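Reading through the structure tokens given below for one structure.
Residue numbers (the numbering used here): 12 to 257.
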């Protein structure tokens, strides 16, 4: 696998479209590659931001989250939230590299991924290509952040190995590979977290990716999610003091 981070111009809220950023920064895209794009720059381009001055971040988090654990439950004073089926601190709201704005996730990350995927196919005359929208997140019991995909398009995100045999002829019963998140983790470490100014990465030499010529269907997207009551970590997640809004 080869990951190439792409330097772009400094992106500020409302100043350009994501499609313009891609066109100006990338001359060509190879077949059977996946483009990773930071959710933050997509939101800056789409204008899903609010000025920091005069706005309560706490109230904004509560409004953006689908469910949240009050920050008073955290020794760090941080909201733990569920947003679009993901557990995330602060509903994904960020203030770094935003020039005075709170930046939320794109209003509809899947719609953004679909739109950019169609743009890439038309702009670069591609048959097999993919898009992931990335965000950095923390992991329980580990310091540091890693990248994950909050939306994808153009390939199968979940690769089931159920029914396959392992090296000792044992039948696999549960193994599913989260392809989109694996790609996102590789891309984000190359894209960086501070002043690199490389919010896009091209991932190539990925024979394990099964490309598709259509946007993910509702059924395919539903297969990626697990209800809390069915989750392996339900003893932790299900018993937390969530405030559910939906």
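Even for Gly, the Cβ is constructed at its ideal location relative to N, Cα and C.
Keep in mind that this is a model prediction, so the values were computed, not measured.
- Spanning the alpha carbons of residue 231 and residue 224 requires a straight line of approximately 14 Å.
- The residue from 101, 45, 235 with its alpha-carbon nearest to that of residue 85 is 101.
- Burial is judged here by how many other beta carbons sit within 10 angstroms of a residue's own beta carbon; residue 106 has fewer than 16 and is exposed.
- Residue 120 sits close to residue 50, with the two beta carbons spaced by under 8 Å.
- The count of Cβ pairs closer than 8 Å, one atom from the segment 126-134 and one from the segment 67-86, stays below three, leaving the stretches out of contact.
- Using a 10 angstroms sphere on the CB of residue 193, the tally of other CB atoms reaches 16 or more, which defines it as buried.
- When the alpha-carbon of residue 145 is set against those of 111, 239, 47, 216, the nearest one is in 47.
- Annotation for residue 128: the continuous alpha helix (DSSP H) segment containing it runs 120-134.
- For residue 39, the closest of 221, 215, 236 by C-alpha to C-alpha distance is 215.
- Rounded to whole angstroms, the separation of the alpha carbons of residue 147 and residue 90 is 16 Å.
- Just so you know, the alpha carbons of residue 210 and residue 20 end up roughly 10 Å apart.
- For residue 105, the pairing in a beta bridge is given by DSSP as 114.
- Residue environment analysis places residue 16 among the buried positions, since at least 16 neighbouring C-beta atoms fall within 10 angstroms of its C-beta.
- Fully contained in the segment 21-106 are the following alpha helix (DSSP H) runs of length 4 or more, in chain order: 29-36, 50-57, 68-75.
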